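**Q** Just dropping this structure here.
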Amino acid sequence: MQPLANITPLKPAPRAGTIELRGVGQVFRTATQDVTALDDVSLDIRPGRFVVLVGPSGCGKSTLLMMLAGLRQQTSGTVTINGAPILQPDPNRVGVVFQEPSLFPWLTAEQNVEFPLALRGTPKSERRARAEEALKLVGLDGFGKRHPHELSGGMKQRVSIARGLVQDPPVLLMDEPFAALDEQTRMTMGDELLRIWAATGKTVVFVTHSLTEAVYLADEVVVMSARPGRIVDQLQVSLPRPRTYEMLSGDAFGALRERIWRHIRKSA
Amino acid sequence: MTTTTLRRLIVLGLIALWEMLPRSGLVPELFLPSLSSTLVAGWNEAGEYGQALTVTLYEVAISMIFACGGGILLGAIVGSLPRPRILIMPMVSSLYAVPLVILYPVFTVWLGIGSESKIAFASIYGFLPTMLATSAGIQTIDPQLLLAARSMGATLSQRLLRVVLPAAIPTVLSGLRVGGALVIVGVVVSEMLISSAGIGYLISRYRTILDSPHVFAGVLSVLAMAIVFNAAIRSIERKAAIWQTGTRGGRDTTAAANLQPAT
């Protein structure tokens with residue numbers, strides 16, 4: 212039965228987790244001059260992809276992430292997620308994980324994860340159940356009653372990830388989430404993140420300064436240039452998954468890293 | 005031996021010395037009456053001390069409300085708004101460095117030698133550090149926390165109630181500690197200078213007639229008041245600032261509490 216076979220909708224509704232940037236620009240006006248932080252950035256991210264943004268300091272990659280989070284408005288162009296523009300923070304569409312010190316120190320791990328639900332007045336029992344589930348997902352089963360100062364740096368970031376995921380948004384944004392961690396913890400957290408990503412199927416946009424981390428984690432690496440920030444390259448990382456430590460020393464890995472590095476050196 | 009037992013032993017030792025030194029005649033009773041004679045003196049005049057303590061406690065309580073309530077409120081407002089902060093804070097800071105006790109005679113001219121002048125003086129005396137601490141506390145709130153709350157869709161009032169307020173509690177408490185201690189100092193000192201009632205008045209009256217046991221009984225009651233206040237603040241701190249990692253909520257706050265302006 213194919214009654215509607217030859218009727219194609221004008222524009223199919225995008226699947227949850229689709230991100231579209233069209234001609235996005237950001238100009239900061241200061242007293243003396245206008246500074247262009249982002250210039251005509253267009254990018255399509257398909258649902259469930261792991262995309263890493265890299266670039267020299269001040270290239271606007273964090274600014275771009277803040278726009279996706281609805282924490283900053285672009286001066287030109289459009290930013291849409293699930294086909295609808297992002298005009299303000301929308302935790303149902305986007306979860307955000309920041310650099311280390313963004314957990315509320317006066318709340319327990321559990322209460323931190325529940326925080327976004329509490330803002331919306333979700334009943335206590337449901338909150339508890341969902342926080343427990345999220346903590347379990349990030350491997351912190353049984354640590355819910357601890358305060359952040361009783362957790363290691365890696366565990367704190369796990370709590371942050373759980374908080375970002377607790378409302379089950381299709382998109383997870385991560386702003387240098389592992390930058391403050393030591394190298395070993397960082398590697399472990401990378402593997403953990405990939406496991407969580409594979410288990411949940413979220414679209415992840417991840418900002419980092421580490422080229423190794425970028426290639427290790429990504430499906431696609433988006434390289435940006437220094438101010439004004441533009442996209443200068445998009446690399447598909449076709450290394451098989453699960454990614455392993457041995458791949459770091461392989462030729463394919465090295466070639467990708469080098470290609471990114473050349474762009475960054477040129478624009479720095 | 006743990007630090008706590010050692011500390012208790014030191015206190016016990018000092019108490020024993022207080023009893024033994026005057027008794028053995030090493031220190032004249034006029035300079036330091038023994039603990040037992042101090043307690044007996046206080047006990048014999050229990051009614052008088054009780055009455056004086058009531059007056060002093062009443063003045064302290066009212067001044068605390070003005071100093072701490074006003075200090076926290078104004079500190080929070082000034083701390084969160086940049087313009088008033090730039091305008092007012094330098095003035096408050098320099099005022100804090102002025103030995104305010106020089107104003108006390110003026111207060112007695114305006115308000116008489118009753119409780120009003122003490123309350124006015126002690127309120128201003130405790131108000132300044134509380135306001136300074138609160139305003140500093142509001143400013144040190146990590147902007148990252150506010151950004152995170154915003155990313156989760158928190159409205160302005162939710163950010164104030166759920167982020168700014170709890171984040172400011174430790175600094176507000178340390179302000180309370182300093183402010184409250186200064187209120188006690190302010191009340192007792194002003195009672196000692198010009199007054200007709202209160203513990204400070206008793207102390208200075210007995211001093212003029214060289215009745216050391218009664219002077220020390222007064223000193224002991226002020227000491228008790230300060231200890232009770234300190235314990236109360238500490239228990240609030242323990243409950244409210246459980247998440248503080250020992251540096252601000254713990255013992256180190258006593259160092260900040262000893263910070264005193266020139267009198």
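Those sequence lines, one after another, are chains G and R. Per our numbering, the first sequence starts with residue 212, numbered consecutively. Per our numbering, the second sequence starts with residue 5, numbered consecutively. Heads up, the beta-carbon is just placed ideally off N, CA and C, and yes, glycines get one too. Source: prediction; values computed, not measured.
(1) Give the single residue among R:Q148, R:V113, R:P26 whose Cα lies nearest to the Cα of L314 (chain G).
(2) So is S313 (chain G) in contact with chain R if we call contact Cβ pairs under 8 Å?
(3) Flag R252 (chain R) as yes if its beta-carbon sits less than 8 Å from any beta-carbon of chain G, otherwise no.
(4) I want to see whether chain R comes within less than 8 Å of P380 (chain G), judged by CB atoms only; does it?
(5) If you compare alpha carbons, which of G:D402, G:R454, G:L232 is closest to T291 (chain G)?
(6) Nearest to P37 (chain R) by alpha carbon, out of R:V223, R:M229, R:F233?
(7) In terms of alpha-carbon separation, which member of R:W22, R:E52, R:L115, R:G79 lies closest to I207 (chain R)?
(8) Could you give the distance in angstroms between the alpha-carbon of R226 (chain G) and the alpha-carbon of R260 (chain G)?
(9) Is there contact here, the stretch 139-156 of chain R with the stretch 77-87 of chain R, by at least three beta-carbon pairs under 8 Å?
(10) Determine, for A242 (chain G), whether the minimum Cβ-Cβ distance to residues of chain R falls below 8 Å.
(11) Identify the residues that DSSP records as bridge partners of G236 (chain G): which are they?
(12) Give me the residue from R:A221, R:L132, R:I128 with the minimum Cα distance to V176 (chain R).
(13) Give me the Cβ distance between M385 (chain G) and F354 (chain G), rounded to the nearest whole Å; I'm assuming they're in contact under 8 Å.
(14) In whole angstroms, give me the CA-to-CA distance for F239 (chain G) and R438 (chain G).
(15) Helix, strand or coil for D393 (chain G), going by three-state DSSP, please let me know.
(16) Residues of chain G with CB closer than 7 Å to the CB of G71 (chain R), please, in chain order.
(17) Going along the chain, which residues of its own chain have a beta-carbon closer than 6 Å to the beta-carbon of D245 (chain G), five neighbours each way excluded?
(18) I want to verify the contact list: residues of chain R whose CB lies under 9 Å from the CB of L282 (chain G), in sequence order.
(19) Could you name the residues of chain R that L330 (chain G) contacts, counting a contact when the two beta carbons are closer than 7 Å?
(20) Reducing DSSP to helix, strand and coil, say where V176 (chain R) ends up.
(21) According to DSSP, simplified to helix, strand and coil, what is N262 (chain R)?
(22) Is the Cβ of V265 (chain G) closer than 8 Å to any Cβ of chain R?
(23) So P170 (chain R) contacts chain G; which residues on that side make the cut at Cβ distance below 7 Å?
(24) Suppose only complete runs of 4+ residues qualify. What are the alpha helix (DSSP H) ranges in the stretch 30-94 of chain R, listed by chain order?
(25) Would a check of beta-carbon distances place Q143 (chain R) closer than 8 Å to chain G?
(26) Start and end of the beta strand (DSSP E) containing S253 (chain G)?
(27) Over what stretch of residues does the alpha helix (DSSP H) that includes F417 (chain G) continue unbroken?
(28) Going by the beta-carbon positions, is the gap between T319 (chain G) and G365 (chain G) smaller than 8 Å?
(29) Output the boundary residues of the alpha helix (DSSP H) element that contains F125 (chain R).
(30) What first and last residue would you give for the alpha helix (DSSP H) that runs through M366 (chain G)?
**A** Reading it off the structure:
(1) Ranking the options by Cα distance to L314 (chain G), first place goes to R:Q148.
(2) Nearest CB-CB separation between S313 (chain G) and chain R: below the 8 Å threshold.
(3) Residue placement at R252 (chain R) is flagged as unreliable, the pLDDT there being 38, under the threshold of 50; the coordinate-derived value follows with that caveat. No - not a single Cβ of chain G is within 8 Å of the one on R252 (chain R).
(4) Judged by the 8 Å Cβ criterion, P380 (chain G) is not in contact with chain R.
(5) The shortest C-alpha separation from T291 (chain G) is found at G:L232.
(6) Residue R:V223 is the option with its Cα nearest to P37 (chain R).
(7) It is R:E52.
(8) Distance between the alpha carbons of R226 (chain G) and R260 (chain G) is about 12 Å.
(9) In the pairwise beta carbon analysis, the stretch 139-156 of chain R is classified as touching the stretch 77-87 of chain R: at least three pairs are separated by under 8 Å.
(10) Against chain R, the CB of A242 (chain G) has no partner CB under 8 Å away; the residue lies outside that interface.
(11) Answer by DSSP bridge pairing, in chain order: G:S287.
(12) For the residues R:A221, R:L132, R:I128, the minimum Cα distance to V176 (chain R) belongs to R:L132.
(13) Cβ-Cβ separation between M385 (chain G) and F354 (chain G): approximately 21 Å, too far for a contact (criterion under 8 Å).
(14) Between F239 (chain G) and R438 (chain G), the C-alpha separation is close to 12 Å.
(15) Three-state DSSP puts D393 (chain G) in coil, outside helix and strand.
(16) Here residue 71 (chain R) is Ala; the residue named in the question, Gly, does not match the sequence. Near A71 (chain R) there are no residues of chain G at all, since even the closest Cβ is about 26 Å away, more than 7 Å.
(17) Cβ neighbours of D245 (chain G) beyond the five flanking positions: V238.
(18) Ordered by position in chain R, the residues that pass the 9 Å Cβ test against L282 (chain G) are L151, R154, S155.
(19) Per Cβ cutoff of 7 Å: M156, G157, A158, Q162.
(20) Residue state, collapsed to three classes: helix.
(21) Caution is warranted here: a pLDDT of 39 is assigned to N262 (chain R), below 50, making its placement in the model unreliable, and no coordinate value can be reported.
(22) Not closer than 8 Å to any Cβ of chain R, the Cβ of V265 (chain G) fails to qualify, so no.
(23) Correct list: W317.
(24) Inside the stretch 30-94 of chain R, DSSP marks whole alpha helix (DSSP H) runs of 4 or more residues at positions 39-48, 50-68, 74-84, from first to last along the chain.
(25) Not an interface residue.
(26) Per DSSP, S253 (chain G) is one residue of the beta strand (DSSP E) stretching across 245-256.
(27) Element bounds for F417 (chain G): not the alpha helix (DSSP H) but the beta strand (DSSP E), 414-418.
(28) Not closer than 8 Å, so no.
(29) That run of the alpha helix (DSSP H) goes 119-143.
(30) It spans 364-376 - the alpha helix (DSSP H) in which M366 (chain G) sits, taken as one unbroken run.
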